[in-house]
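Q:
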Amino acid sequence: MDNILLLPILVPAVSGILMLLIRKTRGIKEIATFFVATANLLIAVMLFRKELDFTLPWAGFGMEFSLRLYHFSSFILLATGFFGFLIALYCTTFMREKGALNQFYSYLLISIALVNGAVLSDNLVLMLFFWEGLLVTLFGMIFIGGKDSFRTATKAFIIVGISDLCMMVGIGITAHLAGTLTISKINLPVDALGSVAFVLLMIGAISKAGAMPFHSWIPDAAKDAPLPFMAFLPAALEKLLGIYFLARISLDMFKLDASSWLSPLLMIIGCITILLAVMMALIQKDYKKLLSYHAISQVGYMILGIGTCVPVGIVGGLFHMINHALYKCCLFLSGGSVEKQAGTTDLEKLGGLGIKMPVTFGCFIVAAASISGVPPFNGFFSKELIYDGALERGWIFYAMAVAGSFFTAASFLKLGHAAFLGKINDANKSVKEASWPMLIPMVMIASLCVLFGLYNALPLNNLIQPILGEHRLEGHNFSGMPTNAFLVIMTVLVLAAALLNHYLGFKKQGSGIKAVDHIHYAPVLHPIYDRAEKRFFDPFDIGMRVAGWAAKMIWYVDRVIDWLYDGFSVGMTYALSIGIRRAHTGNYSVYIIWSLVGLMVIIFLAVR
Amino acid sequence: MAINFILVVALLLAALWTVMTARLIRSAFGLALTSAVLAILLFRLDSPMAAVFELSVCAGLIPVIFVTTISLTHRLSQDAFQIRQKERWGKYWYLLVIVVLVGVLLSRRALLPDVPLPVVTHPTDVRIVMWNMHHVDLLGQVAVILAGVFGVVILFKEVKK
Amino acid sequence: MLPLFILVPLFCLILLNVPPKAIVKRPAFWLVAALPLVQVFLTAFHPVAVWDEIRNPFNSYFIFNLSVDALSTVLLLSIGIVVFIAALVGRYTLSGETQRFNFFNLLLVAFLGMNATVMVQDIFALYVFIEVTAVASFILIAMQKDKPALEGAFKYIILSVVATVLMLSSIALIVMAAGDTSFAAVSSAIRAYPASVLVKVAVNLFLCGLFIKAGIVPFHGWLPDAYSAAPSSVSVLLAGIITKVSGVYVLIRMVVTVFGIEQSPQAVLMFVGALSIVAGALAAIGQSDFKRMLAYSSVSQVGYIILGLGCGTPLALAGAVFHLFNHALFKTLLFVNAAAVQEKLGTVDMNKMSGLSVKMPVTGATSVVALLSTAGIPPLSGFWSKLIIAMALWQSGQYAYTIIAVLASVLTLAYFLSMQRRVFFGKLQEGLENLTEARLGLILPAIILAVVTVGVGLAFPIVLDKLILPVQNILK
Amino acid sequence: MSPDLTQVFWPFSAAAILLFVMGTYYVLVTFNLIRALIGVEILIKGATLLIILAGYVTGNTGLTQALVITLIVIEVVIMVVAGGVILCVYRNNKSIDVRELRSLKG
């Protein structure tokens, strides 16, 4: 009976491989994928809240094929199944005219299988196997995106590959320290070597989740890869998986507590990710790219929440994980509808779509309000919990998180304004609402956003809080309305400030030469010099200008990180390579001399 | 033992002449001479069979191969030879120095094995060793000779262009 | 039974050359392809221990003193696979009936030499059969008599003779200490005098000779030249198995069985291993010659094997042997791809090709399998062997080497991806519109090897259990 | 070891080492392929001497002679093949200069 645990891995994997064989027939692939995804969801529902173990002897040396189902993994399994189901439904329409369909669906299903496997596996090496496998599907998914996607795919591959290598080393150290590879048996103190292992594993986890500085492939991928892929893999699955693993290592595998230096480290990474990525998002002019920067930024909240090491923060972080997966998925899907219907995601060419696509717009509003933390949507509650935890650990973390919230709200006001309000573009006059297979997932997710907000006891009591267990919760129950009035008031104030900011900016630029939807990034990119005098006392402009400089600065920082990957390491390697190649002169005497020198050194060392 | 010593010196001189002589053909004959001296040495070291092989094959056959190759490849003109002879001395006098230096170094400390030599009390005859104990080596010889035959067939044949 | 692995190829060799050429030229291929296939099936499906027991008339006439253990079995299997593939590639790339016939003959000689090398129990016999294989490969490299081939062959000859002289001197010193050349006698003598200078010099001389044969930095100078200059089918053979048997296998055998891990300079082995990994990978990055890049990659991958060997724990040894087997698979596959490209385009200069996978999809796809396996991407076979080596290194406390080994796979990935981008992906090179996929004879080996690589990766518990883990027993 | 063997041992082993030195020097310095081959031959002579010496000092000349005979056979075959390669080089390049053999590099 326990081998039922193989189903969530085998069903999608086998059907994914079979999918490669289907070539010509139209429609079958979509339907088949949809059925497999549904089956996967049903399996996940069936397995939910069960506790099972399954072990097969595998390679020896403690490397066992062992799977473990318990509340946390069954929850992630359910979430994966749910998103897989929605994406499959969405794709039935969205992907119709695209190429390489059999590859796309095959990667989609295999990704589901791999994520299920990684979540279920109770052995570090087995988990690594599934984890690394995701790298391949990621590469393939980006690669089928378009002509220029090879570069992006390579970049993603290398960045994720490097962090995975870190994780491999981390697993090596962990296994060395713990003497076992079974995850549920590992419980290590965070001493000198332990913290090295923790950091290495953390790098693997947060880079899968897409935190800075391992983020730079995501925005590039957003441009190249098929959109459902972005909604599915980086926005939903990899976040789930990365944060799942981060929670596993900080809650179970290592005895991490607030006194350790790792906790501030995590919080700092979280805060930096929040702020830098949201600044970048603010100046984007492309629907998908803007969203992808937010996908990075929101990870910061989760890392911050888990990094606080206090129950309220951890609960908030995990709650935020599932919330983020929901609304970000919804946002990407709305972007997908826009792309499908209007033919572009460039904000300059969009505008006024709200009337033409009311359902999409409605879903967008719900999701955007969620991500900005507007009560009573789900994002509000998880952010409040995180703020609570952050405030407990230091006001600076709280301040940074709230600042991030401000910019998030500002950028979504801009995005919504630019895409859905304002004057409609001539080219978009004939745009229609998307078809129902694309709308249903969005509507479902949006209603879940509302449900998880209004009735947050449902996810918190059933899904999140059991993960921590009674002894960690210390009798608290975080469901219901936030208890800290100060935090709520601050949040509302920040949101109001963002709204005011947007309104002022709109007023200022509304009558200008530029179109109304340029409001939010125009002052950022506009030459400041000629109007410096006039705007000097304008608090909004100063604020935006500072934000603009900061954003530009961060853009350069981003380039530097990029350069470190693309330029420096490559340059160093090439210099060394040229040196070594020059040494091979083609003269065999030189080779004999090398050999003899090597011989003499070796004999000298031996006889010495 | 004095004879041994003289033979060793002769061997070294022959080898040195092989290396330092200007004409290629003389170098080949120098190699033959070295082999011949070595054959005598092998004979003195209780290895008559090996000595016979050394004399017939290494002193006889291999120089033939070299001379064939030399005559098939090139012959320097007299002028080039004169120039070459001058250049050569500049290139090769280092060897004398090195040989003397290494010789002095070697004579400072007697080279001796630092393990008790496992002296065999009942020496086996080479024929018994070859034909009764090392069949696999014979098989290897057959294979390598076959390979050599293919080498001759493939490499020595003129390419038609 | 064991002598048959040597005697049957020898018999076939004679069989091919006694009758008039006109009769045997055509069936030569089938004979040469059938022999290694039979060997593959024998080694893959029969427990090796049984073979020693089987009596046959040969044993009463000949004293061969052969023996097979788990390590030899892995090698016999690899030899069978690669020789079969090389025969196929040779049939479809070499022009002219005579040239093909010569190729098959020499292939048989090399096959026989390698089979004997992995079975003999005597250090001098080891030398003899290394030379048999080497002589066959000299001729094979020079076979087409174009300028680069001759250059590569000559460099190989010179360096190889230097290696031979080192090994012979070592054998002389060992005879002084042991009085005999059989593995058992040598082993007990070396273990008896661990502090002796003579023994240490002998051990290290032999190892250095093998370093040259295996192409380990800084003893590797001949290797890229020989690999890149040889005809495609010969490159397959050389890179896939010849240097692996006559260098790497013998190294493992000497270090583990004959000298004993304790008597070997483990630090030196690990250092040259790591040096090979890094230097080989760095040199491979900047290459524009497809085969030369593969050659440097070979240097780098052999480094992993030596690193695992130097580590010396049972796990590391198993990883090293597994990597040896995997390397035979994926490097052969890459050279088969190179052969297909060379066959169709007439060049291996990577600057002159791009976008080939549009026109040659099978070649492109199989090369992706091979490169991912080489770079150690799961679930392909190369990942597991590298993982085992890295784990073993870590367990024995060699943290620095572990990190080098793991980071170097990024370099591996880098040069393979750049190769892939230049050769197979991207826009189709102008003037190549009429390019077609290589013929079946070249696709077939590529597909076989790709399937085996993936299969070994997926079924690696079985392979590890049945084939590789028994190798640990030779440590005892 | 008897004093007699001591007297034999070191001059012969020193001679072998000197042969190695000369052979290596010859191979490294010369620009002529045939000379390089002759240098290699000198190296092999040194190895031959060393093996026979080992047999002599251990009284096991039966074994070492067998080894040397095999060695000589292999040596001849290698020389024939190398000679063939040189011949082909000459036919290709009209020269047997080592400096012509440096096109494969990098």
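Heads up: the sequence lines are chains A, B, C and D, in that order.
Numbering-wise, my numbering puts 319 at position 319 of the first sequence, and it's gapless, one number per residue.
Numbering-wise, my numbering puts 30 at position 30 of the second sequence, and it's gapless, one number per residue.
Numbering-wise, my numbering puts 212 at position 212 of the third sequence, and it's gapless, one number per residue.
Numbering-wise, my numbering puts 3 at position 3 of the fourth sequence, and it's gapless, one number per residue.
Beta carbons are placed, not taken as given, at the ideal position from N, Cα and C, and that holds for glycine.
(1) Under a three-way DSSP split, which group does residue 48 of chain A fall into?
(2) In this structure, does DSSP put residue 357 of chain C in helix, strand or coil?
(3) With residue 78 of chain A and residue 50 of chain A assumed to form a contact (beta carbons below 8 Å), what rounded beta-carbon distance in angstroms separates them?
(4) For residue 377 of chain A and residue 316 of chain A, which I take to be in contact (beta-carbon distance under 8 Å), what is that distance rounded to the nearest angstrom?
(5) On the DSSP bridge assignment, give the partners of residue 289 of chain C in chain order.
(6) Distance check for residue 27 of chain C and residue 105 of chain C, CA to CA, integer angstroms please.
(7) Ignore the nearest five residues each way along the sequence and tell me which others in residue 120 of chain A's own chain have a CB closer than 8 Å to its CB.
(8) Taking DSSP as the reference, what is the three-state secondary structure of residue 188 of chain A?
(9) Within 10 Å of its beta-carbon, does residue 430 of chain A have 16 or more other beta-carbons around it, so buried, or fewer, so exposed?
(10) Can you tell which of A:468, A:190, A:132 and A:557 has the C-alpha that lies nearest to the C-alpha of residue 163 of chain A?
(11) Cα-Cα, which of C:177, C:267 and C:288 is closest to residue 193 of chain C?
(12) Can you check whether the CB of residue 102 of chain B is closer than 8 Å to the CB of residue 132 of chain C?
(13) So residue 84 of chain D contacts chain B; which residues on that side make the cut at Cβ distance below 8 Å?
(14) Is there a C-beta anywhere in chain D that falls below 8 Å from the one on residue 579 of chain A?
(15) Restricting to Cα atoms, I'd like to know which of A:553, A:360 and A:499 is closest to residue 414 of chain A.
(16) Is residue 27 of chain D close to chain A, meaning its C-beta is less than 8 Å from at least one C-beta of that chain?
(17) Interface residues of chain E around residue 197 of chain C at Cβ under 7 Å?
(18) State the beta-bridge partners of residue 65 of chain A as determined by DSSP.
(19) Under three-state DSSP, which class holds residue 120 of chain C?
(20) What does the alpha-carbon distance come out to for the pair residue 348 of chain C and residue 92 of chain D?
(21) Can you name the residues of chain A whose CB is closer than 8 Å to the CB of residue 103 of chain D?
(22) Is residue 521 of chain A helix, strand or coil by DSSP?
(23) Name the chain C residues that come within less than 9 Å of residue 320 of chain A, Cβ to Cβ?
(24) Return no unless some Cβ of chain A is closer than 8 Å to the Cβ of residue 351 of chain C.
(25) Report yes or no: is there a C-beta of chain D within less than 8 Å of the C-beta of residue 237 of chain A?
(26) Is it true that the CB of residue 106 of chain A sits closer than 8 Å to the CB of residue 237 of chain A?
(27) For residue 106 of chain D, return the contacting residues in chain A, with the cut-off set at a CB-CB distance below 7 Å.
(28) Less than 8 Å between the beta carbons of residue 248 of chain C and residue 126 of chain C, yes or no?
(29) At which residues does the alpha helix (DSSP H) containing residue 400 of chain A begin and terminate?
(30) Does the contact criterion of 3 or more C-beta pairs under 8 Å hold for the stretch 69-86 of chain C versus the stretch 240-255 of chain C?
(31) Could you check the C-alpha separation between residue 250 of chain A and residue 368 of chain A for me, to the nearest Å?
(32) Tell me which residues share the same chain as residue 11 of chain B and place their Cβ nearer than 7 Å to its Cβ, disregarding the 5 neighbours each side in the sequence.
(33) In chain D, what lies closer than 7 Å to residue 592 of chain A by C-beta?
(34) Residues in the same chain with beta-carbon distance under 7 Å from residue 182 of chain C, minus the five sequence neighbours each way, listed in chain order, please.
(35) Going by other Cβ atoms of all chains shown within 10 Å of its Cβ, with 16 needed for buried, is residue 358 of chain A buried or exposed?
(36) With distance defined between alpha-carbon atoms, name the residue in A:44, A:484, A:419 and A:34 nearest to residue 88 of chain A.
A: With the given structure in hand:
(1) coil
(2) helix
(3) In fact, because the Cβ distance is near 11 Å, the residues do not count as touching under 8 Å.
(4) That belief does not hold up - the Cβ atoms of residue 377 of chain A and residue 316 of chain A are roughly 15 Å apart, past 8 Å.
(5) C:349
(6) 12 Å
(7) 5, 8, 9, 67, 68, 69, 73 and 77
(8) strand
(9) exposed
(10) A:132
(11) C:177
(12) no
(13) 151, 152, 154, 155 and 156
(14) no
(15) A:499
(16) yes
(17) Reference to chain E is not applicable here, since the protein chains of this structure are A, B, C and D.
(18) A:56
(19) strand
(20) 22 Å
(21) 586
(22) Annotation note: pLDDT 43 at residue 521 of chain A (below 50); position unreliable, coordinate value reported separately. It is coil, neither helix nor strand.
(23) By Cβ distance, chain C contributes nothing, its closest Cβ being about 31 Å from residue 320 of chain A, past 9 Å.
(24) no
(25) no
(26) no
(27) 581 and 584
(28) no
(29) 395-420
(30) yes
(31) 30 Å
(32) 34, 37, 38 and 41
(33) 27 and 28
(34) 121 and 122
(35) exposed
(36) A:34
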